[in-house]
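Student: Protein chains in written order, with our numbering: chain A, 10 to 381; chain B, 10 to 381. All C-beta atoms, glycine included, are put in the ideal place defined by N, C-alpha and C. Before I ask anything, here is the structure I am working with.
2 protein chains.
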Amino acid sequence: MSGFQFTLLAQDGGARRGTLTTAHGTAQTPAFMAVGTAGTVKAMTADQVRTTGSQIVLGNTYHLMLRPGADRVAALGGLHRMMDWPGIILTDSGGYQVMSLAKLRKLDEIGVTFRSHIDGSSHHLTPESSTAIQHKLDATITMAFDECTPFPATYEEAAASMRLSMRWAARSRAAFVPREGYGQFGIVQGGIYPALRAESAAALTAIGFEGYAIGGLAVGEGQAAMFDTLETTTPHLPIDQPRYLMGVGTPDDLLGAIARGVDMFDCVIPTRAGRTGRAYTARGVFNLRNARFADDASPLDPGCACTLCTRHSAAYLHHLFRCEEMLGPMLLTGHNLTYYQALMRGARDAIEQGRFAAYAAAARDGWRQGDD
Amino acid sequence: MSGFQFTLLAQDGGARRGTLTTAHGTAQTPAFMAVGTAGTVKAMTADQVRTTGSQIVLGNTYHLMLRPGADRVAALGGLHRMMDWPGIILTDSGGYQVMSLAKLRKLDEIGVTFRSHIDGSSHHLTPESSTAIQHKLDATITMAFDECTPFPATYEEAAASMRLSMRWAARSRAAFVPREGYGQFGIVQGGIYPALRAESAAALTAIGFEGYAIGGLAVGEGQAAMFDTLETTTPHLPIDQPRYLMGVGTPDDLLGAIARGVDMFDCVIPTRAGRTGRAYTARGVFNLRNARFADDASPLDPGCACTLCTRHSAAYLHHLFRCEEMLGPMLLTGHNLTYYQALMRGARDAIEQGRFAAYAAAARDGWRQGDD
């Protein structure tokens, strides 16, 4: 099935510059995907998400199957129409949230039985049902159903978990209905063990997907172990297909992973931090609740093009958080996403121009003024 | 001092169509002012407030003097610049909130001493300090400092309270610094007693203000008593100056008050209701949390131009409120304000064309499909 196409435009060391063409438009990579868990990027209208430069929104199968329900989303015309996001949508498989949020989980070869964290109702997720739900949601990119291997895990535990995920990946692929411009990604597992990552990558590429995700990272192993794992994993993935590092990360994580050949990211950091008063800026991370911002008439991030930075002072944002006004999270979420997208845009330009290492070094240098 | 000018363009029965020209632009009346208590219309960016058709934003002196503080707002360039609202801003005097929110109040001829409901700190408000604070906030329209007479009140209680407010009105006027395009409104008090309202109106017009508010209504007296009081009060106010009914009201209240000669309104109803899932529409009021909206793929209010009604289904809004997503209050606040402003725009057109009574009757007829 054609119409879903990744094109590698340039390489700069390990860093890659590409385009991903789909039924719902084209994304420039490296790309950061805004997390829209329950059919909304929290505290943002769809227009505001577009204004940040976000090209892809991620939806969570676990949340959406519980509320409003996949059949209901389908009846409302799919997730694109429901949330006013005609652009690319990637949905996860639900496997990660089942393990982190649901109660009374029971996992076997068939899949996972669990109780909703919202109302205790019983549900079953399998590779087949997860894939069907993502189809009903009308995800541009469907993720294979996998088990996110806990950390720490012994080699044997990681191997058993990964091999189960590989059997589920084959079942997910069999359940996927190819449609013009739609794609499905397999997920490499294997913990921090290079041999297992290689085995997983080989298993997935033998099945054949439109892209490959790297899962089971950013679960407590630390940045160094994450980067090591990326370095031993990406060489096993096809050069002409997109690579997606799931659930990562800080701006520094993103630059490090781009250098190691990753094309796509998603993370709740910019949106969650936006709701708690943590600002990601070219000068580093700042806690806007800090009293030193109370009289700061300057913009939070002078180089930023967002509504917050072009229209308001840091003192106003401080005031909004102090008064627990909803506009604080709204403006800061918009800013944080704008910063993340500007960082990605800068990375894309730098890769095209063969100066990615210098770009990343300059960005890291700028962050040193921050709180942490 | 010129530059602050009300022009009466048309009359239709008691209803008036005018323009209010100020240092911060012109408003068309009848006008509904969006409430921006602490320097933000809750759940809305300034751009979104503009998109609703709102021409004037109201700020609360009590809230702003406590946080972020009047001197700080002044240092940040005033309220217009702080909140990105270069348009008209009206600030109340703080008197009403002192009585409804503050603790340990002590009222005497000089003013009110109170403790902040936020941190218990002690503050003093007088006609002079309230006027000075509103100057620091850079309010286009300053309100005289008054005591909002409680309801019920005997004739003697209402008379004593009103006469104190009239002495405070004279002191407020003396403290007001005239500036080109800025104005100050006196506030008619007197409870539900026509003779006291007439006495109050005479006292205020003798002092002379750029406009006159009608205070102490919508405090429990009921719509019929409120309308009766308006009918006996507005004839005592100058025909060529704006009249502002404070803290009112429902769409039906607004149409009834317009018919009785009121030009300006403010009320938390559309914004507060927007945060709790209550929708004001041409078909009446609906509770969007109601399960009957779960599968409603149609827009909430098909004739409405807001983001919610043009981009999303009622089912999506129901989903957002069910999941307590911030986007629910954001979208519904925008809708409710858009509805209020469309109702005002329709009223202005109808008055110009001499068909206000028919317009109001048709609007009331439409509301009958609502929940309440």
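1) Got a sec: which bits of the segment 329-357 of chain B sit with their beta carbon under 8 Å from any beta carbon on chain A, in order along the chain?
2) Tell me which residues share the same chain as F330/B and place their Cβ nearer than 6 Å to its Cβ, disregarding the 5 neighbours each side in the sequence.
3) Return no unless some Cβ of chain B is closer than 7 Å to the Cβ of K115/A.
4) So, under 8 Å CB-CB, P279/A and Y349/A are touching, yes? Tell me the CB distance rounded to an integer number of Å.
5) Can you tell me which residues form a DSSP beta bridge with V277/B?
6) According to DSSP, Y71/B sits in a beta bridge with which residue or residues?
7) Identify the contact partners of Y202/A in chain B, using a Cβ-Cβ distance below 7 Å as the criterion.
8) When you compare the CB positions of E156/A and S174/A, do they come within less than 7 Å of one another, or not?
9) What is the rounded straight-line gap between the Cα of S109/A and the Cα of R373/B?
10) From what residue to what residue does the alpha helix (DSSP H) around H132/A run?
11) Which bits of chain B does R76/A rub up against, with CB to CB less than 9 Å?
12) Please confirm if M91/B has its CB atom under 7 Å from at least one CB of chain A.
13) Compare the C-alpha of D305/B against each of E240/B, A47/B, S322/B and name the closest.
14) Is it the case that the Cβ atoms of H328/A and P77/B are separated by a distance below 7 Å?
15) Would you list, in sequence order, the uninterrupted beta strand (DSSP E) runs of no fewer than 3 residues that lie entirely inside the segment 243-330 of chain A?
16) Between which residues of its own chain and H126/B is the CB-CB distance below 8 Å, once the five residues before and five after are set aside?
17) Going by DSSP in three states, K145/A sits in which element: helix, strand or coil?
18) Drop a sphere of 10 angstroms on the beta-carbon of I248/B, count the other beta-carbons inside from all chains shown, and report buried for 16 or more, exposed for fewer.
19) Quick check on the DSSP output: the alpha helix (DSSP H) that includes T214/B runs from which residue to which?
20) Please go through the same chain and pick out, in chain order, the residues whose beta-carbon is closer than 8 Å to the beta-carbon of L205/A, but skip the five residues on each side of it.
21) Nearest CA to the CA of R284/A: which residue from L73/A, K51/A, S130/A, P161/A?
22) F194/B and G220/B: beta carbons closer than 7 Å?
23) In whole angstroms, what separates the C-alpha of A271/B from that of T46/A?
24) Buried or exposed: P95/B, going by 16 or more other Cβ atoms within 10 Å of its Cβ?
25) Can you confirm whether L85/B, when its beta carbon is compared against all beta carbons of chain A, has any partner nearer than 7 Å?
26) Assuming T195/A is part of the alpha helix (DSSP H), what are its boundary residues?
27) Quick one: what's got a C-beta closer than 6 Å to G363/B's C-beta in the same chain, skipping five residues either side?
28) Checking contacts by CB at 7 Å: is R320/B closer than that to chain A?
29) When DSSP labels each residue in this structure, what does D6/A get in the three-state scheme?
30) Going by CA-CA distance only, name the one from D93/A, F218/A, V257/A, P251/A that's closest to M235/A.
31) Please report whether the beta-carbon of T70/A lies at a distance below 7 Å from any beta-carbon of chain B.
32) Between F41/A, V107/A, T140/A, which lies nearest to S131/A when the distance is taken from Cα to Cα?
33) Got a sec: is the Cβ-Cβ distance from Y221/A to anything in chain B below 7 Å?
34) In the DSSP assignment, find the beta strand (DSSP E) that holds L99/A and state where it starts and stops.
35) Do you know how far the Cα of S102/A is from the Cα of S139/A?
36) Select from the segment 122-149 of chain A all residues with a C-beta closer than 8 Å to any C-beta belonging to chain B, and list them in chain order.
Tutor: This is what the structure holds:
1) L329, R331, C332, E334, M335, L336, P338, M339, L340
2) G286, L297, R298, G337
3) no
4) 5 Å
5) Per DSSP, none; premise fails for V277/B.
6) BP columns for Y71/B are empty, so no partner.
7) Simply none; closest approach about 38 Å.
8) yes
9) 51 Å
10) Taken as a continuous stretch (DSSP letters only), H132/A belongs to no alpha helix (DSSP H), being part of the beta strand (DSSP E) at 131-134.
11) H328, R331, C332
12) yes
13) S322/B
14) yes
15) 252-254, 273-275, 287-290, 293-296
16) L110, A111, K112
17) helix
18) exposed
19) 203-216
20) Y164, A167, A168, M171, Q198, G199
21) K51/A
22) yes
23) The residue you asked about is not Ala; residue 271/B is Val in the sequence shown. The alpha-carbon atoms of V271/B and T46/A are separated by roughly 46 Å.
24) exposed
25) yes
26) Sequence check: residue 195/A is Gly here, not Thr. Not the alpha helix (DSSP H): G195/A falls in the beta strand (DSSP E), residues 192-197.
27) D21
28) yes
29) Look at the range of chain A in this structure, 10 to 381, and you will see that residue 6/A is not part of it.
30) V257/A
31) no
32) V107/A
33) no
34) 97-100
35) 6 Å
36) none
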